[in-house]
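Worksheet for the structure shown next.
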Amino acid sequence: MSKITLALTGAHAVAEAMRQINPGVVALFPITPQTPIVEKYSEYYANGVVDTELVRSESEHSAMSIVMGAQAAGVRAMTATSSQGLAYMWEVVGATAGLRLPIVMPVTNRALGAPINIHCDHADSMYCRDLGWIHLFCETAQEAYENTLLAIRLAEKVSLPVMVLQDGFITSHSVERVDILDDVSAKKFIGEYKPNNPLINTDYPKTVGPIQLQDYYFETQYQGTIAIESVFEEYLKIGKELEKLTGTKYELFEEYKLEDAEVAIIVSSSTSGTTKEVIDRMRNEGKKVGLLNIKLYRPFPYEAIAKALNHFNLNNIAVLDRALSRGAMPPLYTDIKLSVSSLNKIPKIQSYVFGLGGRDIIQKDIEEVFESLLKGKVKENKTEYIGLRK
Amino acid sequence: MSTLKTSHEMEEGGIINIPKSSRNFKTGTWRTFKPVIDESKCIHCAQCVINCPESCIDITKDKKRGAINMDYCKGCSVCSKVCPVKCIKMETDTKEDNK
Amino acid sequence: MLQIRIHARGGLGGKSLAQIIAETSLRLDNYMQAFPEYGPERAGAPLRAFVRIDNKPIRLHEPISSPDISIVLDETLLLSGNVTEGMVNTSILIVNTEKTKESILSLLKNYKGELYVIPATRISLETIGSNKPGSPVVGALCRFTKLITIEALKEDMAQKFARKGQEIVDANQKAIDMGFKSLV
Chain A
1 MSKITLALTG AHAVAEAMRQ INPGVVALFP ITPQTPIVEK YSEYYANGVV
51 DTELVRSESE HSAMSIVMGA QAAGVRAMTA TSSQGLAYMW EVVGATAGLR
101 LPIVMPVTNR ALGAPINIHC DHADSMYCRD LGWIHLFCET AQEAYENTLL
151 AIRLAEKVSL PVMVLQDGFI TSHSVERVDI LDDVSAKKFI GEYKPNNPLI
201 NTDYPKTVGP IQLQDYYFET QYQGTIAIES VFEEYLKIGK ELEKLTGTKY
251 ELFEEYKLED AEVAIIVSSS TSGTTKEVID RMRNEGKKVG LLNIKLYRPF
301 PYEAIAKALN HFNLNNIAVL DRALSRGAMP PLYTDIKLSV SSLNKIPKIQ
351 SYVFGLGGRD IIQKDIEEVF ESLLKGKVKE NKTEYIGLRK
Chain Z
391 MSTLKTSHEM EEGGIINIPK SSRNFKTGTW RTFKPVIDES KCIHCAQCVI
441 NCPESCIDIT KDKKRGAINM DYCKGCSVCS KVCPVKCIKM ETDTKEDNK
Chain D
490 MLQIRIHARG GLGGKSLAQI IAETSLRLDN YMQAFPEYGP ERAGAPLRAF
540 VRIDNKPIRL HEPISSPDIS IVLDETLLLS GNVTEGMVNT SILIVNTEKT
590 KESILSLLKN YKGELYVIPA TRISLETIGS NKPGSPVVGA LCRFTKLITI
640 EALKEDMAQK FARKGQEIVD ANQKAIDMGF KSLV
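Chains as they are written, first to last, in the numbering used here: chain A, 1 to 390; chain Z, 391 to 489; chain D, 490 to 673.
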């Protein structure tokens, strides 16, 4: 087994993973900042590097419908999208989960209009969090590559679709050092696709997507709920297997200097990298600060997070959401709040919203959050906004 | 309704992998009216065959309109409405002749 | 960690310059990050691009506010005033210009760091035949850091431009060499 080190953007890294997966069907439609993923994949297709059936669809709704049909027919099928594109395909996104089709879709997180904005926040995928898809947040281009490979195995194991999420522009358009697995090892890990119930199998004709009314719909919804709960175990199991190839540890979430922290930030994606940098500096000053980096967002690991936050020393927590839930508390905050509700000593939690529409979050911002946590400035159930002109 | 499957017994995603399972669903029990064909008037145009929502009117090998499968005829009267020579009459069904 | 900020205009090759620096440093087994700041993506619009190079993984995801090296690919950007933002005594400013250091310094307010000038536009016109100041500038950059070298740079350029023919490769390599020598 050998690794190949390349200079890749996050988008290109995902396209590399797709090349190694070589899906039977890829349906594409461009949208910033996802476009470089399908652009690169089209290049592979044009150069004969992959033998995919490439469909240039007329919209994201069509792209997801094509992918749904192809996957139901019995091949691996992929598409990628962002923001309004994800919103436009929303109807079919829900349907794929309902049909238990193991589709993997890379998503570059981007703000959802209006006002129109091409930059990063997590609104697009957050509004899909209840649709029955598995959500994996990625911090770096490297992680986006590895998670795309892992997602294929995970999706097919539990018969559920997976979104592999990376920050639009910040990760998708930033050139980073990425270690790619050699094709033989990657393809061996990915394996052959054995569909559970392929539609194209004339020996066993079947119906996909029949109507279910008061008598069966509820049961089918429950099936999906049971299935997504099995993800924790399978994710860790498949992660162990991939770890042997990549050397990366795949945890439900990352704990960074959390074990003895007095205050902690909980955040996902690229911002967690900046946070780690700040933590190292503040630790040198003797300040006990830590990070919980959200990776597997759906299903949400309530119990495991409660366990990680069950430290006697941990007093104050800040949850940093890159999305709003207008008229309610932000999504990640709500999930964390529920996680800690079972603890004997419940830490105080401050909600922050940051970086909407690609607004920069810099080390100073994060340091200020830590400093105010250390001073005990926590107002529960009240959101503060980082870098906003009120 | 007591034979309904639990979520554990069902196929993933509501897939039905038993071919022709809709045959087990006999819509004939829904019928209040039944179609009665005046054979002397029928021109075998097969409009009733095409338009029957339950596809329960046969077509014979010599391409004539065949018998109505009363297990599935739900008495909707579409055949009677589309018949160009008005040879299908809907009559009250006492259901004494079938089961 | 070495942090480089590039000030350019859309179409001048600022984003490509960041990418070439990053790719070259990877050839020398470094960790790196190169990203542009996306504003209005139009030819001529002011644009900033950033490069970080380190011998360990880079975790920061923020624009570079206090660079070790700031590169100005178009001297008209000096007037907008932010090319020296966050720079200190030890910072290095490289400006693509035909003017002398003294006349450039007179345009900069309160700049305490080192200043270098390079006639990169002229060099690129002489060698490549179009205004692509990136190649001479990246050649000159090799004088300030061991994280990229002329050899690795030429290797990267040769591979990058291989499809465009040997003539283009040679022209760019000449531009790199001239850039390395012409910086004052």
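Note that the Cβ used here is the ideal one computed from N, Cα and C, for glycine as well.
Check                                                                                                                                                                             : Outcome
Would you mind telling me which residues of chain D sit closer than 7 angstroms to G273(A), beta carbon to beta carbon, in chain order?                                           : R548, L549, H550
Using 8 angstroms as the limit for Cβ to Cβ distance, is Y385(A) near chain D?                                                                                                    : no
Going along the chain, which residues of the segment 175 to 209 of chain A sit with their C-beta nearer than 8 angstroms to a C-beta in chain Z?                                  : N196, N197, Y204, P205, K206, T207, V208, G209
Against chain A, does A647(D) count as a neighbour if the rule is that its beta carbon must be under 8 angstroms from one of theirs?                                              : no
Are the segment 146 to 159 of chain A and the segment 347 to 367 of chain A in contact at 8 angstroms, needing three or more beta carbon pairs?                                   : no
Quick one: list the residues of chain Z neighbouring R391(A), beta-carbon separation under 7 angstroms, in chain order.                                                           : For residue 391(A) there is no data in the structure shown, the boundaries of chain A being 1 and 390.
Identify the continuous beta strand (DSSP E) that holds L324(A) and give its terminal residues.                                                                                   : L324(A) -> no beta strand (DSSP E), and no H or E assigned at all.
Measuring alpha carbon to alpha carbon, tell me which of Q648(D), I583(D), P622(D), L549(D) ends up nearest V278(A).                                                              : L549(D)
Starting from the beta carbon of I361(A), find every residue of chain D whose beta carbon is closer than 9 angstroms, and list them in chain order.                               : H550, E551
Is any beta-carbon of chain D found at less than 8 angstroms from that of E277(A)?                                                                                                : yes
If you draw a straight line from the alpha carbon of K188(A) to that of M329(A), how long is it in whole angstroms?                                                               : 44 angstroms
Is it buried or exposed for K457(Z), if we count other Cβ within 10 angstroms and need 16 for buried?                                                                             : One point to set straight first is that residue 457(Z) is Ala, not Lys, in the sequence displayed. A457(Z) comes out exposed.
Could you tell me which residues DSSP puts in a beta bridge with G290(A)?                                                                                                         : A264(A)
According to the neighbour-count rule (16 or more other Cβ atoms, all chains shown, within 10 Å of its Cβ), is V577(D) buried or exposed?                                         : exposed
So is P210(A) buried or exposed if we call it buried at 16+ other beta carbons inside 10 Å?                                                                                       : exposed
With a threshold of 8 angstroms between beta carbons, is F169(A) in contact with chain D?                                                                                         : yes
Would you verify that the beta carbon of Q71(A) is, or is not, closer than 8 angstroms to some beta carbon of chain Z?                                                            : no
Report the residues of the segment 79 to 95 of chain A with a CB closer than 9 angstroms to any CB of chain D, ordered along the chain.                                           : none
Pop quiz: I639(D) and I665(D) are said to be a contact at Cβ under 8 angstroms. What is the actual Cβ separation, rounded to whole angstroms?                                     : 7 angstroms
Roughly how many angstroms separate the alpha carbons of K489(Z) and K194(A), rounded to a whole number?                                                                          : At K489(Z) the pLDDT is 46, less than 50, meaning the model places this residue with poor confidence; the figure from the coordinates comes in the next sentence. The alpha-carbon atoms of K489(Z) and K194(A) are separated by roughly 47 angstroms.
Count the CB pairs spanning the segment 529 to 541 of chain D and the segment 177 to 186 of chain A that are closer than 8 angstroms, and state whether there are at least three. : no
Could you list which residues in chain Z have their beta carbon closer than 8 angstroms to that of N159(A), in chain order?                                                       : Position check: residue 159(A) holds Ser in this sequence, whereas Asn was assumed. E402, G403, listed in chain order.
Closer than 8 angstroms is the cut-off here; do at least three beta carbon pairs connect the segment 93 to 104 of chain A with the segment 66 to 79 of chain A?                   : yes
Rounded to the nearest angstrom, what separates K670(D) and T565(D) at their Cα positions?                                                                                        : 24 angstroms
How would you list, in chain order, the residues of chain A whose beta-carbon sits under 8 angstroms from the beta-carbon of N414(Z)?                                             : By Cβ distance, chain A contributes nothing, its closest Cβ being about 13 angstroms from N414(Z), past 8 angstroms.
Which stretch, first to last residue, makes up the alpha helix (DSSP H) that contains G98(A)?                                                                                     : 90 to 98
Check V572(D) in the structure and name its three-state DSSP category.                                                                                                            : coil
Thinking C-alpha only, which one of T417(Z), S411(Z), D428(Z), D452(Z) is nearest G465(Z)?                                                                                        : T417(Z)
Using 8 angstroms as the limit for Cβ to Cβ distance, is E520(D) near chain A?                                                                                                    : Going by the sequence as given, residue 520(D) is Tyr instead of Glu. Taking Cβ atoms only, chain A reaches closer than 8 angstroms to Y520(D), which makes this a yes.
Which of the three DSSP states is assigned to T225(A) in this structure?                                                                                                          : helix
Let me check one thing: in DSSP terms, what residues is H119(A) bridge-paired to?                                                                                                 : Answer is none; H119(A) lacks a bridge partner.
Using a Cβ cut-off of 7 angstroms, which residues of the segment 501 to 513 of chain D contact any Cβ in chain A, in chain order?                                                 : Q508, A511, E512
Considering only C-alpha positions, which residue in the set P115(A), L131(A), G224(A) is nearest to V93(A)?                                                                      : L131(A)
On a Cα-Cα basis, can you pick out the residue from R494(D), M667(D), T573(D) that is closest to S624(D)?                                                                         : M667(D)
Name the two residues that bound the continuous beta strand (DSSP E) containing D179(A).                                                                                          : 175 to 181
Could you check where the alpha helix (DSSP H) with R283(A) kicks off and where it finishes?                                                                                      : 271 to 284
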